[in-house]
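Report on the following structure.
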DNA sequence: GGTTGATATGTTATACTGTTACGCTTATCA
DNA sequence: TGATAAGCGTAACAGTATAACATATCAACC
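Residue numbers (the working numbering), protein chains in the order written: chain A, 1 to 159; chain B, 1001 to 1159.
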């Protein structure tokens, strides 16, 4: 058991579930979940936090799965492009998607104290953003919605 | 006249207005609008677009106002900290605030074609984000809300 | 006047993040 | 079988950001 979305949960089971979902999605869409890509996703899932590209690269290198930055960036690009992972702009880091398969506009809550990142239901927020953009004639394609603050655990007793 | 917020406007007048507002705000709050800080703000205002820190630094260096990265970063930190400029996470860049003084949760529209950045009314979006975060026990302190897409000018004819 | 503390700046070095470019391998398919 | 595309390996480099330490300035205070 470890923290995810600020809550305790069965970590191993959640990894299995997500991996299975992603495998299925790749099969259905003809995407190649190659060893590097799969292992990268597994690393993100195992950590259950936002990881920098170079942090991922270090792990991959340890396992003989690529030693140069482009290897990690390509894998992360693949994962983010297909919604299996997300990029946290504020942290220049990446996190495994908590709900792969579901078409969702993610929104992230970043704890400034412990760096935990939770994925919150972002549909209403994304809609509000689109609504704000439309009057200006702006065509919204992607959104990055991130809140920084304190997670429940860190909010207790910390100013 | 040049583009701001995807619209034409009187550029010189808008620079004057903002500078005046910021000067007043600094006076009232006892903040030091030093030469480097003031010039940095002027640069951002004159360009009326998101500028990278090193781009700002190059200009400052040309004018003998500091030649090393920390100089630019400190000035930009000061401006963003006090709401006179904003950081665009998606671009690793900075832009002068269009409405200094007004307490506002900014939300940005970034054109992926011409890189123009507009500041849109973000209050409803920020509120929606807070509403999404609260049930998880997250205490929101700052928000970064950015939309990427096409501005009105670039949306015409471009796919 | 001199001291002290707070704030801002100057400077060096370094760390972190991301991309370009090129070549090789493999899989696929006409 | 040859052409094409996708993925990976590698080297080199470009862009972004900070740590650490020195210096300067100025106001408050004794």
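Glycine residues also receive a C-beta, built at the ideal position from the N, C-alpha and C atoms. None of the values given here were measured: they were computed from a predicted structure.
Neighbours of residue 1145(B) in chain A, taken as residues whose beta carbon is under 7 Å from its own, are 129 and 145 in chain order. Note on residue 1029(B): under 16 other CB atoms within 10 angstroms of its CB, so exposed under the neighbour-count rule. Rounded to whole angstroms, residue 1126(B) and residue 130(A) show a C-alpha spacing of 13 Å. Residues are counted here when their Cβ sits less than 9 Å from a Cβ of chain A; for the stretch 1041-1063 of chain B the count is zero.
With respect to the C-alpha of residue 1094(B), the residue from 1022(B), 1051(B) and 1121(B) having the closest C-alpha is 1051(B). Relative to residue 151(A), the option among 101(A), 112(A), 139(A) and 142(A) whose CA is nearest is 112(A). With fewer than three CB-CB distances shorter than 8 Å, the stretch 1076-1089 of chain B does not count as touching the stretch 1061-1068 of chain B. Of the candidates 56(A), 36(A), 13(A) and 115(A), 115(A) places its Cα closest to the Cα of residue 154(A). For the stretch 1084-1101 of chain B, the set of residues with a beta-carbon nearer than 7 Å to any beta-carbon of chain A comprises 1089 and 1090, in chain order. Residue pairing of residue 107(A) in beta bridges, as defined by DSSP: 120(A). Per DSSP, residue 78(A) is one residue of the alpha helix (DSSP H) stretching across 69-81. When DSSP assignments are scanned along the stretch 1003-1054 of chain B, the uninterrupted stretches of alpha helix (DSSP H) that are 4 or more residues long and fall wholly within it turn out to be 1011-1029 and 1035-1047. For residue 80(A), no CB of chain B lies under 8 Å from its own CB, so it is not counted at the interface with that chain. The beta-bridge partner set that DSSP reports for residue 1056(B) is empty.
The Cβ-Cβ distance between residue 39(A) and residue 63(A) falls below 8 Å. Beta-bridge annotation (DSSP): residue 1150(B) is paired with 139(A).
Contacts between residue 150(A) and chain B, judged by CB atoms closer than 8 Å, involve 1138, 1139 and 1141 in chain order.
Rounded to whole angstroms, residue 1102(B) and residue 96(A) show a C-alpha spacing of 37 Å. Nearest C-alpha to residue 74(A) among 138(A), 59(A) and 53(A): 53(A). The C-beta distance from residue 19(A) to residue 45(A) rounds to 7 Å, short enough to meet the 8 Å contact threshold. Residue 1098(B) sits in coil when the DSSP states are folded into three classes, being neither helix nor strand.
Spanning the alpha carbons of residue 1033(B) and residue 1023(B) requires a straight line of approximately 7 Å. The DSSP-derived three-state label of residue 132(A) is helix. The beta carbon of residue 1143(B) sits closer than 7 Å to those of 1105, 1126 and 1129, all from its chain and outside the five residues before and after it, given in chain order.
Closest in C-alpha terms to residue 121(A), from the list 13(A), 79(A), 145(A) and 134(A), comes 145(A). Taking C-beta separations shorter than 7 Å and ignoring five residues to either side along the sequence, the partners of residue 90(A) in its chain run 110, 146 and 148, following chain order. One finds 1137, 1138 and 1139 in chain B with Cβ atoms closer than 9 Å to the Cβ of residue 155(A), taken in chain order. Here residue 1085(B) carries a strand assignment [DSSP, helix/strand/coil].
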